[in-house]
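A short worksheet on the structure shown next.
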Amino acid sequence: MTRHRVLLASPRSYCAGVVRAIQAVEQALEQYGAPIYVRHEIVHNKYVVQTLEKKGAIFVERTEEVPEGSIVMFSAHGVAPTVHAEAAERNLATIDATCPLVTKVHKEAIRYAREDYDILLIGHEGHEEVIGTSGEAPNHITLVDGPADVANVEVRDESKVVWLSQTTLSVDETMETVDALKTKFPNLLSPPSDDICYATQNRQTAVKKLAEDAQLVIVVGSRNSSNSKRMVEVALGAGANAAYLVDFADEIDETWLEGVTTVGLTSGASVPDVLVDGVLEWLAAHGYADVETVKTADESITFSLPKELRRDLHTGTHAS
Ligand code: SF4
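Okay, so the sequence shown: first residue is 307 according to the numbering used here, each after it adds one.
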């Protein structure tokens, strides 16, 4: 009898930045009471957003939607300095849940802009993180949205150019973009350390490993999650016959399983593992009960809560 199995990626699901951001909303609700306004989805996951809404978080897209004098939290993707200024104008108490690994890229942008570099920011146009990082130095940053965009890039001084990137890109595609930029600008400077974060890199390495043996790869994640979408592309690039992104198990189409003996399963960095468990149950009910974990890295990194919450936890005062 043909063996039907599931290869389950490890690491998968929540990264340290997402754990911190979700805990920050929960802690703020406990500390200050509902409602807590959150500018943009705290992390790009439908289930997480719906769960926090039920607890009293209100998600808004623009600062002006937050009533004057309320508490607003900035999402893990980071915001531009203009957003901090808007919040101050409306007399909002702010809690910044920007992932420290995104803050690191903001600081690099500020430093290189101060040194008057042209900064080529590799990232996806319109993504919240890219908008936030670009806002740190709008006159110095040019967005480069993939290798095909390189031909359009112009700089003021070819001897003073540096590239930075969004944290959740495809590692391989980013290196292709960098190679094309280096051909065009031989003196291009690289950032001091990787901007694509450890969680994105680890999840892509794991999905590549799955794709060696799985005919079908299922990635649990939302459609607006950059790192989840990249994992589907990486799986296809690494040899999977098919790869799909689903928010929930009930989005899986039984026809995807035709002729498939091995299913690879993983999830994006903003996905709670309970959703992966739901897919495992669905697969077990369809004859894929045999699960093997494929481990490609250990993750032990954690981040402490945003400083505003830590400070008020100590003093028992209100956010400001
Ligand atoms: S995916 Fe990376 S950059 Fe984004 S929140 Fe997680 S650790 Fe931070």
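The beta carbon of each residue, even a glycine, is placed where N, CA and C say it ideally should be.
Treat the numbers as computed from the prediction; the structure is a model and nothing was measured.
*Buried or exposed: where does Glu435 fall if 16 or more other Cβ atoms within 10 Å of its Cβ makes it buried?*
For the purposes of this step, residue 435 is taken as residue 129 along the sequence shown, with counting starting at 1. Burial of Glu435 is indicated by the presence of at least 16 other C-beta atoms within 10 angstroms of its C-beta.
*Sort out for me which residues DSSP pairs Val459 with in a bridge.*
As a first step, residue 459 is located in the sequence shown; it is residue number 153 there, counting from the start. BP columns for Val459 are empty, so no partner.
*Mapping DSSP to helix, strand and coil, what is Thr357?*
On the sequence shown, position 51 is the one that residue 357 refers to. In the structure shown, Thr357 sits in a helix (DSSP, three-state: H, G or I).
*Grab the span of the alpha helix (DSSP H) containing Gly570 for me, first residue to last.*
Counted from its first residue, the sequence shown places residue 570 at position 264. DSSP places Gly570 outside any alpha helix (DSSP H); the residue lies instead in the beta strand (DSSP E), whose first and last residues are Thr568 to Ser573.
*Could you tell me which residues DSSP puts in a beta bridge with Gln599?*
If you number the sequence shown from 1, residue 599 lands on position 293. One detail in the question is off: residue 599 reads as Thr in this sequence, not Gln. When DSSP reads this structure, Thr599 sits in a beta bridge with Leu314.
*What's the C-alpha gap between Ser499 and Glu442?*
Your numbering for residue 499 matches position 193 in the sequence shown. Your numbering for residue 442 matches position 136 in the sequence shown. Answer to the nearest angstrom: the Cα atoms are 19 Å apart.
*asked:* Quick check on Arg345: buried or exposed, where buried means 16 or more other Cβ atoms within 10 Å of its Cβ?
replied: Residue mapping note: residue 345 aligns to position 39 of the sequence shown, counting from 1. Answer is buried; the Cβ neighbour count reaches 16.
*Using 8 Å as the Cβ pair cut-off and three pairs as the minimum, do the region 564 to 584 and the region 520 to 533 touch?*
Touching, yes.
*Could you check how far apart the C-beta atoms of Glu598 and Ala555 are, in whole angstroms? I think they sit under 8 Å.*
Here residue 598 refers to the residue found at position 292 of the sequence shown. Here residue 555 refers to the residue found at position 249 of the sequence shown. Between Ala555 and Glu598 the Cβ distance is about 19 Å, and since that is not below 8 Å, they are no contact.
*Between the beta-carbon of Leu426 and the beta-carbon of Thr439, is there less than 8 Å?*
As a working note, residue 426 is residue 120 in the sequence shown. As a working note, residue 439 is residue 133 in the sequence shown. Going by C-beta atoms, Leu426 is not nearer than 8 Å to Thr439.
*asked:* Please enumerate, following chain order, all residues with a beta carbon closer than 6 Å to at least one heavy atom belonging to the ligand SF4.
replied: Cys321, Ala322, Gly323, Val324, Ala382, Cys405, Leu407, Val408, Thr473, Thr474, Cys503, Ala505, Thr506, Asn533 and Ala575
*Quick one: Cα of Ile447 to Cα of Val366, how far?*
Taking the first residue of the sequence shown as position 1, residue 447 is located at position 141. Taking the first residue of the sequence shown as position 1, residue 366 is located at position 60. Each residue's alpha carbon lies about 27 Å from the other.
*Nonlocal neighbours in the same chain, by C-beta distance under 6 Å from Asn547, ignoring five residues either side*: Reading the sequence shown from its first residue, position 241 is the one you call residue 547. Taken in chain order, the residues that qualify are Gln521.
*Cα separation between Thr561 and Thr506?*
One-based indexing of the sequence shown puts residue 561 at position 255. One-based indexing of the sequence shown puts residue 506 at position 200. Thr561 and Thr506: Cα-Cα distance of roughly 29 Å.
*Are the beta-carbon atoms belonging to Asn533 and Glu605 less than 8 Å from one another?*
For the purposes of this step, residue 533 is identified with residue 227 of the sequence shown, where counting begins at 1. For the purposes of this step, residue 605 is identified with residue 299 of the sequence shown, where counting begins at 1. Against a cut-off of 8 Å, the Cβ pair of Glu605 and Asn533 comes out as no contact.
*What does Leu426 pair with, by DSSP beta-bridge criteria?*
Mapped onto the sequence shown, residue 426 falls at position 120. Answer is Thr448 and Trp469.
_Taking the beta strand (DSSP E) that Thr400 belongs to, which residues open and close that run?_
Here residue 400 refers to the residue found at position 94 when the sequence shown is read from its first residue. Segment Ala399 to Asp402, the beta strand (DSSP E) holding Thr400.
_Quick check on DSSP: helix, strand or coil for Ala382?_
Here residue 382 is taken as the residue at index 76 of the sequence shown, counted from 1. Correct three-state label for Ala382: coil.
*Could you tell me the boundaries of the beta strand (DSSP E) in which Tyr594 lies?*
Taking the first residue of the sequence shown as position 1, residue 594 is located at position 288. Here Tyr594 belongs to no beta strand (DSSP E), and DSSP marks it neither H nor E.
*asked:* According to DSSP, is Arg529 part of a helix, a strand, or is it coil?
replied: Counted from its first residue, the sequence shown places residue 529 at position 223. The three-state secondary structure of Arg529, taken from DSSP, is coil.
*Counting Cβ pairs, one atom from each stretch, are 3 or more of them under 8 Å apart for the region 395 to 406 and the region 377 to 385?*
yes
_Taking the alpha carbon of Arg396 as the reference point, which residue from Glu370, Leu542, Cys503 and Val349 has its own alpha carbon closest?_
Counting from 1 along the sequence shown, the entry for residue 396 is found at position 90. If we check each option's Cα against that of Arg396, Glu370 comes out closest.
*8 Å Cβ cutoff met for Leu487 and Val513*: Within the sequence shown, numbered from 1, the residue matching residue 487 stands at position 181. Within the sequence shown, numbered from 1, the residue matching residue 513 stands at position 207. Not closer than 8 Å, so no.
_Extent of the continuous beta strand (DSSP E) to which Tyr343 belongs_ = Indexing the sequence shown from 1 puts residue 343 at position 37. Counting along the chain, Tyr343 sits inside the beta strand (DSSP E) bounded by residues Ile342 to Arg345.
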